[in-house]
Amino acid sequence: MNEKRVDVLVLGSGIAGITAGIYLRRGNISCLLLDKYAPGGKLNNIHLIDNYPGLPNISGPDFAMALVNQANELGIEFEYGEVTSINKQEDGMFLVKTDNGDFVCSALIVATGVINPPAGVPNERAFLGKGVSYCATCDGNFFKGKDVLVYGYKDHAVEDAIYLSSIVNKVYFLHNFPLEAPDSHLRTLEEKSNIAIIEGKLLGLEGEEKVESAKILVEGKEEAISISAAFPLSGEVSSSQFLSGLGVLNTNGFIHVNEAMETNVEGIYACGDIIKKKLRQLVNAAGEGAVAANSAISYIHSLRRKAK
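When we follow my numbering, the leftmost residue of the sequence shown carries the number 166, and every step to the right adds one.
Printed below as a string of structure tokens:
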């Protein structure tokens, strides 16, 4: 079996993962960034970033492209693949199996972020890929000029509604909790003439072979709205299930790390939205990526000294 070997395998290519890769390469450590999605992570879903120091009013996709270009200039390799299992071998190396090949590394940096779980409404799973999507930037263009529904209350739902408003005819933004997003994003949401903000609950989706309507509950009354797509973005959960066999300490999937981004398992580091913390912002995710990389560099050097 041909396995790719690197000093450090970075799982995830969002801002935390790419920052880690940049620091690793500048530290003369071989690395590879592995992700099942496009490089840039959730940056690709943010229409405008107005709180990142030195880069006011930059779009998420532009920021992602700048990071990817910088990584490419350093010779950092990106690979697509979904991790199926990770095992620590007798020699201390990690064997990472994916649906696109296997990798062997001395250290791991986990920067896989969070994912959107199903909202749990009737017919949601039945219409997956037939009008139900959890990624507006991935699938929004399929519904150009049509009416869609976004269901959620957190910042990523607000971002996706704003993004979709530039593509589709109308966005029904349905939320059943107080909105949790920066004031600037909420103002943009309210200013968009083709976004209808509705306080209510999504009861289910209906249609023949694809989504055709949504049943919603507003002020105690059931209503039906005609739509071509639904984006149920009711919450976010960590994407760290592949670590379950390694004994990495976590709370509800969010990894515990110390100030050096070290987990309780030697050789495994974590950074970004996947770790247990109070603030999930781009700026601290980048800093955590740098810290994780620096810790991994020290670890690789210690292994090299022992091998002499």
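No residue lacks a Cβ here, since even glycine has one placed at the ideal position from N, Cα and C.
Given the structure is predicted, the values throughout are model-derived calculations rather than measurements.
Item, Value
"Paired residues, beta bridge with S250 - DSSP", "K262"
"Local conformation of S358 per DSSP, three classes", "coil"
"7 Å CB neighbourhood of A236 in its chain, flanking five on each side removed", "I183, G186 and I187"
"Start and end residues, beta strand (DSSP E) containing Y316", "D312 to Y316"
"Contact check, A478 vs S399, beta carbons under 8 Å", "Since the first residue of the chain shown is 166 and the last is 473, residue 478 is not available in this structure."
"Classification of K443 by the beta-carbon crowding that lies within 10 angstroms, buried from 16 upward", "exposed"
"Nearest-angstrom beta carbon gap, F243 and G432 [assumed within contact, 8 Å]", "Not confirmed; about 22 Å, so no contact."
"Reduced DSSP category for F292 - H, G, I as helix; E, B as strand; rest coil", "coil"
"Rounded straight-line distance, which links the Cα of T428 to that of L273", "10 Å"
"Beta bridge counterpart(s) of N415 as assigned by DSSP", "I420"
"Per-residue DSSP class, three states only, for L408", "helix"
"Nearest residue (CA-CA) to R418, options V248, Q406, G240 and Q446", "The displayed chain sequence assigns Gly, not Arg, to residue 418. The shortest Cα separation from G418 among V248, Q406, G240 and Q446 belongs to Q406."
"Proximity winner among A276, G372 and S330, relative to A451 (alpha-carbon distances)", "A276"
"Beta-carbon proximity check, A441 vs I420, cutoff 8 Å", "Sequence inspection shows Lys at residue 441; the Ala mentioned does not correspond to that position. Yes."
"Under 8 Å between C-beta atoms of A181 and N209", "no"
"Same chain only: Cβ atoms within 7 Å of K253, ignoring 5 sequence neighbours per side", "F259 and L411"
"Where D135 sits in the DSSP three-state scheme", "What the structure shows of the chain is the stretch from 166 to 473, and residue 135 is not part of that stretch, so it cannot be assessed."
"S391 versus A203 - alpha carbon distance", "31 Å"
"G278 to G365 span [Cα, whole Å]", "28 Å"
"Rounded separation between L468 and K262 - CA only", "23 Å"
"L232, enclosing beta strand (DSSP E) - first and last residue", "Segment G225 to E238 is the alpha helix (DSSP H) holding L232; no beta strand (DSSP E) there."
"Cβ neighbour criterion (16 or more within 10 Å) applied to S178", "buried"
"Contact set for F292: own chain, Cβ-Cβ below 6 Å, skip 5 residues either direction", "L370 and V376"
"Same chain, Cβ closer than 7 Å to K309, five either side skipped, listed in chain order", "I332 and V333"
"Residue range of the unbroken beta strand (DSSP E) whose run includes V175", "K169 to L176"
"Where the beta strand (DSSP E) containing V383 begins and where it ends", "S378 to V383"
"Run of the beta strand (DSSP E) containing V336, from where it starts to where it stops", "K335 to H340"
"Test item: CB-CB of E212 and E324 under 8 Å", "For the sequence presented, residue 212 should be read as His rather than Glu. For H212 and E324, yes; Cβs fall inside 8 Å."
"Boundaries (first-last residue) of the alpha helix (DSSP H) holding I478", "Outside the shown range of the chain (166 to 473) lies residue 478, about which nothing can therefore be said."
"Cβ shell of T416 (< 7 Å), same chain only, five flanking positions each side left out", "K441"
"Which listed residue (N306, K169, L447 and H340) has its alpha carbon closest to that of G205", "L447"
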